[in-house]
Amino acid sequence: MSENTPTSGISADYAQRITDDLAANRSEQDRARAELTRLQDELVQLEEGEQILVKMQEVLGAAETPAPRKGKARKASVSVPAARRAKSGAAAGKAGSVPKARARAGQKAPAGRNAASKAAGEPTWRELVTGYLADQREPKSAAEVAAALTEAHPQRTTQVTVVRNTLEQGVAHGLLERSKQGRSVYYSPVPAADVETAAGTPAK
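If you use this note's numbering, the sequence shown corresponds to residues 14 to 217, in order.
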């Protein structure tokens with residue numbers, strides 16, 4: 014009997030250690046499962062954001078096809094001061110290049126004026142954002158609003174940051190409401206009565 018007592022004590026200690034290790038193992042499994050679920054949810058959100066950004070990139074890529082023309086216009090406008098500087102130190106024969114440069118710059122100028130007047134007549138970002146959300150039945154995120162505006166107005170360069178700032182301004186002026194679902198932020202228009210109350214606030 015005396016010889017079995019130490020062995021029984023060791024077995025009991027070892028059994029208790031195994032029980033503790035098993036409990037720790039199961040607790041770690043629960044933690045890992047919770048972390049895996051969180052990562053899966055985050056991955057789904059990232060994949061959805063990727064689809065929206067890819068769509069925006071495709072729309073912007075189609076809208077910015079004539080971009081090289083702007084580069085040519087800038088080169089022409091830059092060449093005018095260079096020609097003017099050359100006129101002061103060059104011979105009379107080289108001075109004739111200045112009117113040509115001015116003529117080229119003058120040909121590009123009407124397009125710039127037309128673009129400026131067109132931009133002046135376009136709705137503001139706040140009008141676009143609030144108008145879009147007013148037609149929606151559920152709140153939208155900044156990325157969703159930016160994607161919709163990019164598709165509806167391909168001639169305008171739409172950035173998620175600009176849209177998000179505009180949405181936040183709308184919230185600050187009482188035109189929009191902000192709500193959170195998990196880590197995502199969504200925006201929706203406020204009731205009509207509240208909009209009429211906030212209508213007196215001057216738009217920036």
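For each residue, glycine too, the CB sits at the ideal point set by N, CA and C.
I think residue i touches residue j, with their Cβ atoms under 8 angstroms apart; what is that distance to the nearest whole Å?
i: L189; j: G195; result: Not really, about 20 angstroms apart at Cβ, beyond 8 angstroms.
i: P202; j: L141; result: Not confirmed; about 13 angstroms, so no contact.
i: T174; j: V72; result: Not really, about 17 angstroms apart at Cβ, beyond 8 angstroms.
Return the bridge partner residues of residue i from the DSSP annotation.
i: R191; result: Y200
i: K153; result: Y200
Could you tell me which of the options sits nearest to residue i, measuring between CA atoms?
i: Q58; options: R30, A156, V176, R44; result: A156
i: R139; options: Q149, E181, R169; result: E181
i: P167; options: A36, K68, R44, V198; result: K68
i: P152; options: G74, D26, V198, Q53; result: V198
i: A75; options: D34, A165, Q53, A36; result: A165
i: G134; options: P204, R169, Q149, D148; result: R169
Can you tell me whether residue i is buried or exposed, with buried defined as 16 or more other CB within 10 angstroms of its CB?
i: L49; result: exposed
i: Y200; result: buried
i: T137; result: exposed
i: S154; result: buried
i: T179; result: buried
i: T32; result: exposed
i: Q29; result: exposed
i: G22; result: exposed
Short of 6 angstroms in beta carbon distance, which residues of its chain neighbour residue i, apart from the five on each side in sequence? Order them along the chain.
i: A159; result: T171, V173, V176
i: S130; result: Reliability of the predicted coordinates at S130 is poor, the pLDDT of 39 falling under 50, and the value obtained from them is presented with this limitation in mind. Once the five neighbours on either side are set aside, S130 has no close Cβ partner at all.
Return the chain-ordered list of same chain residues with a C-beta closer than 7 angstroms to the C-beta of residue i, the five sequence neighbours on each side being excluded.
i: I65; result: A156, E157, A160
Beta-carbon within less than 8 angstroms of residue i's beta-carbon, same chain only, minus the 5 sequence neighbours each way: which residues are those?
i: K193; result: Y199
i: D26; result: none
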